[in-house]
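Below: one structure, written as structure tokens.
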Amino acid sequence: MFRAARTHLEGPFEPIDHHDLVLQPRDVTFDWSTTPLHWLPGEPFATHTFDVLHLMLPELERWFVRTFEQALPLITDDRLREDVRGFIGQEAMHAEAHQEVLEHLLAKGLDPAPYTLQSEWIFRRVLGDRPELTPAAAHAHLLQRLALIAAFEHFTAYMGHWILSNGHLDRAGADPAMLDLFRWHGAEEVEHRSVAFDLLVHLDPRYRRRVVGMLVTAPVLTRLWIRGVRFLMSADPELDDRVEVRFRDYLAAARKDLLPPPVSFARSVLRYFRPGYHPTQEGSTQQAVAYLAASPAARAAAQ
Numbered sequence: 068m069f070r071a072a073r074t075h076l077e078g079p080f081e082p083i084d085h086h087d088l089v090l091q092p093r094d095v096t097f098d099w100s101t102t103p104l105h106w107l108p109g110e111p112f113a114t115h116t117f118d119v120l121h122l123m124l125p126e127l128e129r130w131f132v133r134t135f136e137q138a139l140p141l142i143t144d145d146r147l148r149e150d151v152r153g154f155i156g157q158e159a160m161h162a163e164a165h166q167e168v169l170e171h172l173l174a175k176g177l178d179p180a181p182y183t184l185q186s187e188w189i190f191r192r193v194l195g196d197r198p199e200l201t202p203a204a205a206h207a208h209l210l211q212r213l214a215l216i217a218a219f220e221h222f223t224a225y226m227g228h229w230i231l232s233n234g235h236l237d238r239a240g241a242d243p244a245m246l247d248l249f250r251w252h253g254a255e256e257v258e259h260r261s262v263a264f265d266l267l268v269h270l271d272p273r274y275r276r277r278v279v280g281m282l283v284t285a286p287v288l289t290r291l292w293i294r295g296v297r298f299l300m301s302a303d304p305e306l307d308d309r310v311e312v313r314f315r316d317y318l319a320a321a322r323k324d325l326l327p328p329p330v331s332f333a334r335s336v337l338r339y340f341r342p343g344y345h346p347t348q349e350g351s352t353q354q355a356v357a358y359l360a361a362s363p364a365a366r367a368a369a370q
């Protein structure tokens with residue numbers, strides 16, 4: 068039986084210099100055979116708010132990988148080049164881990180295809196390569212995509228820190244395998260939280276570029292998330308098809324500390340607009356490394 072090695076992690080932790088960290092992909096596997104559809108017992112809304120990540124991330128993170136591979140030849144800093152390679156390896160593994168959850172959802176009677184096909188269209192067609200562009204226009208398109216990724220990675224770092232610090236999910240009876248998946252993923256997001264930002268600044272240091280990236284990413288991500296929750300709640304075979312999704316449902320789950328508080332989430336967005344902002348100000352490398360040392364899936368992958 069799958070057992071979490073530890074619950075949430077709070078400091079103090081042994082100090083770690085973020086710049087000395089070597090990013091490495093971990094070939095993790097998870098057993099979903101005993102994981103219920105509502106892996107947060109009695110909390111279908113909170114469950115599916117998390118589950119939107121399974122719908123989005125496989126295609127989203129494959130898009131990250133393709134975009135960063137295109138940027139690699141432009142990097143002139145050796146350390147940053149190695150960090151980008153480590154980022155690519157970790158994101159590729161994240162995509163595969165969440166893809167397996169989609170198969171689990173299908174086995175439970177929830178077909179994710181109507182939403183995942185939309186994700187595929189967005190990240191392959193709308194935000195994908197454009198062979199018809201001139202070299203100058205293609206470079207600008209690459210920078211635009213890197214700005215979007217840097218903004219999205221800010222959200223994943225915030226979410227990673229939140230789930231690593233949250234013990235209420237354990238006390239709510241969250242399925243250990245699913246909780247380990249989200250915490251392993253969150254820990255790696257905190258671990259590599261600076262890479263997308265540093266790559267963007269390396270290729271285009273203008274403040275305006277990253278601000279525009281966040282101004283586009285924040286509302287689009289919010290919209291995609293809301294649509295994802297509505298889709299999952301309506302497609303859930305264990306719920307009434309006419310179930311209504313309301314913002315007060317989110318607030319109720321947040322009051323139980325099962326989802327991030329909306330005010331905290333909004334403040335994290337505002338931090339990104341500070342001229343002196345850097346992702347190392349979001350989350351804790353020490354906390355992330357501590358969880359990766361305790362994660363059942365990460366430990367098994369290291370053996």
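Residue numbers (this note's numbering): 68 to 370.
Glycine included, each C-beta is placed from N, C-alpha and C at the ideal position.
### Query
Ends of the alpha helix (DSSP H) at W106?
For the purposes of this step, residue 106 is taken as residue 39 along the sequence shown, with counting starting at 1. For W106, there is no enclosing alpha helix (DSSP H), as DSSP gives it neither H nor E.
### Query
For A241, which of helix, strand or coil comes out of DSSP?
Locating residue 241 in the sequence shown gives position 174, where the first residue counts as 1. Shown here, A241 sits in coil according to DSSP, grouped into three states, outside any helix or strand.
### Query
Do the CB positions of T116 and V296 come within less than 9 Å of each other?
By 1-based counting over the sequence shown, the position of residue 116 is 49. By 1-based counting over the sequence shown, the position of residue 296 is 229. Yes. Within cutoff.
### Message
Taking a contact to mean a Cβ-Cβ separation below 9 Å, would you say H221 touches P346 in this structure?
### Response
Mapped onto the sequence shown, residue 221 falls at position 154. Mapped onto the sequence shown, residue 346 falls at position 279. Yes, Cβ-Cβ distance for H221 and P346 is below 9 Å.
### Query
Hey, I142 and H269: beta-carbon distance below 9 Å or not?
For this step, residue 142 is matched to residue 75 along the sequence shown. For this step, residue 269 is matched to residue 202 along the sequence shown. Closer than 9 Å, so yes.
### Task
Please determine, among E126, E163 and L90, the residue with the shortest C-alpha to C-alpha distance to R148.
The count along the sequence shown starts at 1 and reaches residue 148 at position 81. Taking only the C-alpha atoms, the option nearest R148 is L90.
### Message
On the CB-based measure, 16 or more other CB atoms within 10 Å of its CB, does G280 come out buried or exposed?
### Response
Your numbering for residue 280 matches position 213 in the sequence shown. G280 should be labelled buried.
### Inter-residue spacing [alpha-carbon to alpha-carbon] between Y358 and V168
Locating residue 358 in the sequence shown gives position 291, counting from the first residue. Locating residue 168 in the sequence shown gives position 101, counting from the first residue. Going by the C-alpha atoms only, they are around 21 Å apart.
### Task
Closer than 6 Å by C-beta to F219: which residues in its own chain qualify, once you throw out the five before and the five after it? Chain order, please.
If you number the sequence shown from 1, residue 219 lands on position 152. Leaving aside the five residues that flank F219 on each side, the residues in its chain whose CB is nearer than 6 Å to its CB run, in chain order, T284.
### Query
Expressed to the nearest angstrom, what Euclidean distance is found between the alpha-carbon atoms of Y22 and R260?
With the chain covering only 68 through 370, there is no way to say anything about residue 22.
### Query
Cα separation between H171 and H105?
The residue labelled residue 171 in the question sits at position 104 within the sequence shown. The residue labelled residue 105 in the question sits at position 38 within the sequence shown. Spanning the two alpha carbons is a distance of roughly 12 Å.
### Task
Grab me the residues of Y317's own chain with a C-beta within less than 8 Å of its C-beta, minus the 5 sequence neighbours each way, in chain order.
Residue 317 sits at position 250 when you count from the first residue of the sequence shown. Excluding sequence neighbours, Y317 sits near F112, T116, L326 and P329.
### Query
Excluding the five sequence neighbours on either side, which residues of its own chain have a C-beta within less than 6 Å of the C-beta of H252, listed in chain order?
As a working note, residue 252 is residue 185 in the sequence shown. The residues are H161.
### Task
Could you check which residue in E136, R366 and A174 has the C-alpha nearest to that of D247?
Locating residue 247 in the sequence shown gives position 180, where the first residue counts as 1. In terms of Cα proximity to D247, the closest of E136, R366 and A174 is R366.
### Task
Measure the alpha-carbon distance for E255 versus A319 and round it to whole angstroms.
Taking the sequence shown and counting its residues from 1, the one referred to as residue 255 is at position 188. Taking the sequence shown and counting its residues from 1, the one referred to as residue 319 is at position 252. Going by the C-alpha atoms only, they are around 29 Å apart.
#### Entry: Integer Cβ distance of I230 from R250, believed to fall under 8 Å
Taking the first residue of the sequence shown as 1, we reach residue 230 at position 163. Taking the first residue of the sequence shown as 1, we reach residue 250 at position 183. That belief holds up - the Cβ atoms of I230 and R250 are roughly 6 Å apart, short of 8 Å.
### Query
Touching or not, the stretch 185-199 and the stretch 113-133, by the rule of three or more beta carbon pairs under 8 Å?
Contact between the stretch 185-199 and the stretch 113-133 is present, because at least three Cβ pairs lie under 8 Å.
### Query
Does the beta-carbon of L184 have 16 or more other beta-carbons within 10 angstroms, so that it is buried, or is it exposed?
Position 117 of the sequence shown, counted from the first residue, corresponds to residue 184. For L184, the number of other beta carbons within 10 angstroms of its own is below 16, and it is reported as exposed.
### Of the listed residues D324, L88, V278 and H206, nearest to A217 (C-alpha basis)
Along the sequence shown, read from residue 1 onward, the residue named residue 217 stands at position 150. Ranked by how close their Cα comes to the Cα of A217, the residues D324, L88, V278 and H206 have V278 in first place.
### Message
If distances are taken between C-alpha atoms only, which option among L88, D265 and L177 comes closest to Y344?
### Response
Taking the sequence shown and counting its residues from 1, one reaches residue 344 at position 277. The shortest C-alpha to C-alpha distance from Y344 to any of L88, D265 and L177 is the one to D265.
### Query
Alpha carbon to alpha carbon, how far is L200 from A214?
Translated into positions along the sequence shown, residue 200 becomes position 133. Translated into positions along the sequence shown, residue 214 becomes position 147. Put simply, the backbone Cα of L200 is about 19 Å away from that of A214.
### Task
Would you decide whether P272 is buried or exposed? Buried here means 16 or more other CB atoms lie within 10 Å of its CB.
On the sequence shown, residue 272 is found 205 positions in, with the first residue counted as 1. Its Cβ having fewer than 16 others within 10 Å, P272 is exposed.
### Task
Could you name each continuous alpha helix (DSSP H) segment of 4 residues or more that falls completely within the stretch 189-248, going from the start of the chain to the end?
Runs found: 202-232 and 235-238.
#### Entry: With 16 other Cβ atoms within 10 Å as the buried cut-off, status of F190
For the purposes of this step, residue 190 is taken as the residue at position 123 of the sequence shown. Counting Cβ neighbours within 10 Å, F190 comes out buried, since at least 16 surround it.
### Query
Is the beta carbon of T102 less than 9 Å from the beta carbon of M226?
For the purposes of this step, residue 102 is identified with residue 35 of the sequence shown, where counting begins at 1. For the purposes of this step, residue 226 is identified with residue 159 of the sequence shown, where counting begins at 1. No, these two residues do not count as a Cβ contact at 9 Å.
### Query
Can E305 and A224 be called in contact, C-beta distance under 9 Å?
For the purposes of this step, residue 305 is identified with residue 238 of the sequence shown, where counting begins at 1. For the purposes of this step, residue 224 is identified with residue 157 of the sequence shown, where counting begins at 1. If you check the CB distance, E305 and A224 do not come in under 9 Å.
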